[in-house]
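The structure under discussion appears below in the form of structure tokens.
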Amino acid sequence: MARLISPIALLAFLSATPAVAFTPAARKCPTTFIRSTAVEAETTEATASAPKKPQLTRFDRLKKSWKGPMPNVDTSGVDFSYGDFEAILDESLVAFNRNDIVKGTVVQYEKAGALIDIGAKSSAYLPLPEAALLQGQTDGIEDLVELDSEHEFQIISDEDENGQLLVSRKRIQYAAAWEKVASLQVTDDVFDAKVVAVNRGGAICLVEGLRAFLPGSHLTGRIPDDGLIGETLPLKFLEVNQENNKLVVSNRRAVVEAQMADLSRGDLISGVILALKPYGAFVQVGGMSGLLHISQISYDRIDDLSAVFNPGDAVKCMIIDHDKVNGRIALSTKTLEPEPGDMLKDSGRVFEMAEETAAKYHERMEAERVAREEAAREIGLGLGDDLDDIGEMSDDLDSVLS
């Protein structure tokens with residue numbers, strides 16, 4: 001079993017031993033992250049000849065604080081060498097494996113990364129591309145991690161010949177981001193995201209640091225142009241596929257959900273004829289579309305829908321049914337006709353009187369509701385008397401049988 005050496009014991013051991021006995025052989029500084037040929041070419045001769053700062057391990061920092069051996073100390077009985085101590089120190093170090101998650105402290109900046117103390121024999125190296133999930137084009141390592149700050153890191157390499165490991169903070173953030181978007185998909189919550197780019201098919205949004213595609217067909221009331229970049233939009237997910245690194249979002253779903261929350265049966269709404277079909281007309285209402293079925297246009301029979309509407313016509317309709325889950329609404333103009341057939345004779349007059357007709361419709365519906373409740377109450381009272389008689393007959397039968 002490995003023996004653990006405390007810092008106090010180490011200082012005592014170093015202080016009790018002549019300094020000459022503890023002069024270790026020169027050790028190579030752990031290699032730093034490989035610079036590209038282009039970067040090396042730009043380095044000046046003076047910079048190249050300047051000595052590099054050595055990487056400090058925990059042992060190196062502890063040794064620097066040692067003030068030298070204590071005078072007049074008898075070390076003849078010490079049966080312990082520097083090599084023995086280093087062997088025990090190596091045994092006491094934790095073994096690190098690729099993909100392990102470890103805590104570490106940022107101890108030193110380098111041009112293309114940072115040194116991280118994770119408790120290994122040598123400081124681990126954090127390359128700039130692995131420092132954070134979200135990085136600006138001009139961000140340096142000092143913009144992404146602060147000196148002396150502590151973070152979780154994922155080990156992404158085996159030890160090199162100097163015992164140095166490569167670590168990543170970005171990959172931990174990436175995994176956490178996918179976990180968050182998966183949760184948003186399950187709960188089907190609305191969330192906000194910023195548009196960072198546009199293309200022919202739609203726009204690109206950043207969701208928890210991940211790039212998501214917003215199809216143009218799911219963008220409400222806008223077209224995907226440069227003016228959209230930088231705007232924050234309410235969104236819902238259409239697809240979350242981590243295996244294929246695919247996120248698809250919808251602005252229309254989020255807008256429709258907000259609008260549907262304020263809609264009720266009997267509401268009067270304004271819209272525009274979007275398209276005509278053999279079975280009816282689709283009406284654009286804000287960010288959603290509703291179906292005005294051919295049977296709900298007029299009390300009179302309609303043989304040719306194009307004789308009543310054209311795409312682009314402004315209309316007023318009453319909501320007769322809605323499905324808030326799927327964002328569907330059923331509409332009617334028939335309920336707005338002052339007289340049966342008015343939609344075929346003069347639809348403009350129907351729309352002018354829509355508010356008045358809708359108010360009368362609600363009054364009529366309320367009167368019918370009250371009448372139904374009154375009828376149900378009277379039926380209940382009648383059944384109550386009959387049930388009392390049946391109860392008395394049952395009691396008499398029980399007394400006879402007993």
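Mapping of the sequence shown onto full-length UniProt numbering: position 44 corresponds to residue 44, and the numbering continues sequentially without gaps. Ideal Cβ positions, reconstructed from N, Cα and C, are used throughout, including at glycine.
Please check the pair residue 413 and residue 340, which I expect to be a contact at CB under 8 Å, by giving their CB distance rounded to whole angstroms.
The structure shown has nothing for residue 413, since the chain only spans 1 to 402.
Residue 189: which of 127, 249, 200 sits nearest, CA to CA?
Working through the sequence shown from its first residue, we reach residue 189 at position 189. The option with the nearest alpha carbon to residue 189 is 249.
Hey, quick one: how far does the beta strand (DSSP E) through residue 427 stretch, first residue to last?
The first residue shown for the chain is 1 and the last is 402, placing residue 427 beyond what the model contains.
Could you spell out the range, first to last residue, of the alpha helix (DSSP H) harbouring residue 172?
Along the sequence shown, one-based indexing puts residue 172 at 172. Per DSSP, residue 172 belongs to the alpha helix (DSSP H) from 170-187.
State the DSSP-derived secondary structure class of residue 249, mapped to helix, strand or coil.
As a working note, residue 249 is residue 249 in the sequence shown. Three-state result, residue 249: strand.
Helix, strand or coil for residue 239, going by three-state DSSP, please let me know.
Position 239 of the sequence shown, counting from 1, holds the residue named residue 239. Here residue 239 sits in strand by DSSP.
What residue range does the alpha helix (DSSP H) around residue 216 cover?
One-based indexing of the sequence shown puts residue 216 at position 216. Unbroken run through residue 216: none, as it is neither H nor E.
Taking three-plus beta-carbon pairs below 8 Å as touching, is the stretch 231-251 in contact with the stretch 187-203?
yes
Through-space distance from residue 115 to residue 51, alpha-carbon basis
In the sequence shown, counting from the first residue as 1, residue 51 sits at position 51. In the sequence shown, counting from the first residue as 1, residue 115 sits at position 115. Low local confidence applies: a pLDDT of 47 at residue 51 is under 50, so the model's placement there is unreliable, with the coordinate-based value given in what follows. Using only the alpha carbons, I get a separation of about 17 Å.
Does the distance from the CB of residue 282 to the CB of residue 316 come in under 7 Å?
In the sequence shown, the residue the question calls residue 282 occupies position 282. In the sequence shown, the residue the question calls residue 316 occupies position 316. Taking 7 Å as the Cβ cut-off, residue 282 and residue 316 do not qualify as a contacting pair.
CB of residue 251 within 7 Å of CB of residue 220, strictly:
Mapped onto the sequence shown, residue 251 falls at position 251. Mapped onto the sequence shown, residue 220 falls at position 220. In contact: residue 251 and residue 220 (Cβ atoms closer than 7 Å).
For residue 357, does the count of other Cβ atoms within 10 angstroms reach 16, so buried, or fall short, so exposed?
Residue numbering aside, residue 357 sits at position 357 when the sequence shown is read from its first letter. It counts as buried.
Counted within 10 angstroms of its Cβ, other Cβ atoms place residue 338 as buried (16 or more) or exposed
Numbered from its first residue, the sequence shown carries residue 338 at position 338. So residue 338 counts as exposed.
Between residue 28 and residue 121, what straight-line distance do the alpha-carbon atoms span, to the nearest angstrom?
For the purposes of this step, residue 28 is taken as residue 28 along the sequence shown, with counting starting at 1. For the purposes of this step, residue 121 is taken as residue 121 along the sequence shown, with counting starting at 1. Any reading at residue 28 is ruled out, since the residue's pLDDT is 45, under 50, leaving its predicted position unreliable.
So residue 345 is in the alpha helix (DSSP H); what residue range does that whole segment cover?
In the sequence shown, the residue the question calls residue 345 occupies position 345. Segment 342-345, the alpha helix (DSSP H) holding residue 345.
What does the alpha-carbon distance come out to for the pair residue 260 and residue 135?
Reading the sequence shown from its first residue, position 260 is the one you call residue 260. Reading the sequence shown from its first residue, position 135 is the one you call residue 135. Their Cα atoms are separated by approximately 38 Å.
Mind checking which residues open and close the beta strand (DSSP E) that includes residue 144?
Taking the first residue of the sequence shown as position 1, residue 144 is located at position 144. First-last for residue 144: 141-144, but that is the alpha helix (DSSP H), not the beta strand (DSSP E).
Option nearest residue 359 by Cα separation, candidates 336, 348, 279:
Start at 1 with the first residue of the sequence shown, and residue 359 comes out as number 359. The shortest Cα separation from residue 359 among 336, 348, 279 belongs to 336.
Taking just the CA atoms, how far does residue 253 sit from residue 218?
Position 218 of the sequence shown, counted from the start, is the residue given in the question as residue 218. Position 253 of the sequence shown, counted from the start, is the residue given in the question as residue 253. Answer to the nearest angstrom: the Cα atoms are 8 Å apart.
Could you name the residues of the same chain whose beta carbon sits closer than 6 Å to that of residue 320, not counting the 5 residues immediately before and after it, in chain order?
Position 320 of the sequence shown, counted from the first residue, corresponds to residue 320. Counting only Cβ-Cβ distances below 6 Å, and skipping sequence neighbours, we find 330, 332.
Opposing strand residues paired with residue 282 [DSSP bridges]:
In the sequence shown, counting from the first residue as 1, residue 282 sits at position 282. DSSP output for residue 282 lists 275, 291 as bridge partner(s).
Separation of residue 97 from residue 178, as counted between CA atoms
Here residue 178 refers to the residue found at position 178 of the sequence shown. Here residue 97 refers to the residue found at position 97 of the sequence shown. When rounded, the distance between both Cα atoms is 24 Å.
Quick check: is any heavy atom of the ligand SAH less than 6 Å from the C-beta of residue 252?
Within the structure as shown, the ligand SAH is missing, as the structure has no ligands at all.
Comparing C-alpha positions only, which one of 186, 307, 176, 222 sits nearest to residue 208?
One-based indexing of the sequence shown puts residue 208 at position 208. Nearest option by C-alpha distance: 176.
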